[in-house]
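Inspection log for the structure reproduced underneath, given as structure tokens.
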Amino acid sequence: MTKRSSIREGRNEGFFSRVYDVTRLVPYGRITSYGAIARYLGTAGSARMVGWALNSSHCNPEFIPAHRVVNRNGMLTGKHHFGNSTTMQQLLENEGFSVVDDRVVDFTEKFWDPMTEL
DNA sequence: ATTCTGACAGCAA
DNA sequence: TTTGCTGCCAGAA
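When the count follows the working numbering, it moves up by one through the first sequence with no breaks and lands on 102 for the last residue.
Put into structure tokens, the structure is as follows:
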């Protein structure tokens, strides 16, 4: 390989691409957290980067279920980035989630941890 | 190269 | 209990 593998093993592509990749793997009707994704990527503590990556996910031609990514409390901290502040909640409710006060009810039950599932 | 920012997470008051 | 400060890392200006 060229420079990609020489940078560091496991970081074949940009951080953003990896975030998109993991996010796409989140099953329908399940949710995960920024920190969980960050941890899965091997950069625990860089959960902020995950959110920032998802911020640019709209540029990605593929569908990225960014609405299935919430913070560790199950709160829809990124709802403001879906155009309308209610879009994220509606998307989640459309998948069977119950959202109350910007927080996903049964968050722990629907939680999908890439570390465990992958 | 340097500086700033960011959809978090953890811990201290 | 809530509020706020810090660390974290990669990307953009």
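Where is the CB? At the ideal position from N, CA and C, for every residue including glycine.
Comparing alpha-carbon positions, which option in the options lies nearest residue i?
i   : options            : result
S1  : Y12, P11, E77, F47 : F47
H51 : I21, D86, K63, D5  : K63
V88 : R56, A22, A28, R8  : R56
V84 : N44, L9, T70, P45  : T70
Start and end of the beta strand (DSSP E) containing residue i?
i   : result
R87 : 87 to 89
How many whole angstroms separate the CB atoms of residue i and residue j, which I take to be in contact at a CB cut-off of 8 Å?
i   : j    : result
V3  : I15  : About 15 Å separates the two Cβ atoms, so there is no contact after all.
M59 : D90  : With a Cβ gap of about 14 Å, M59 and D90 do not count as contacting.
Y24 : L102 : 7 Å
M72 : F66  : 5 Å
What are the start and end residues of the alpha helix (DSSP H) that includes residue i?
i  : result
S1 : -1 to 9
(message) Under 8 Å, with one C-beta from each stretch per pair, do the stretch 71 to 80 and the stretch 19 to 32 reach the 3-pair mark?
(response) Remark: fewer than three beta-carbon pairs, one from each stretch, lie closer than 8 Å, so the stretch 71 to 80 and the stretch 19 to 32 are not flagged as touching.
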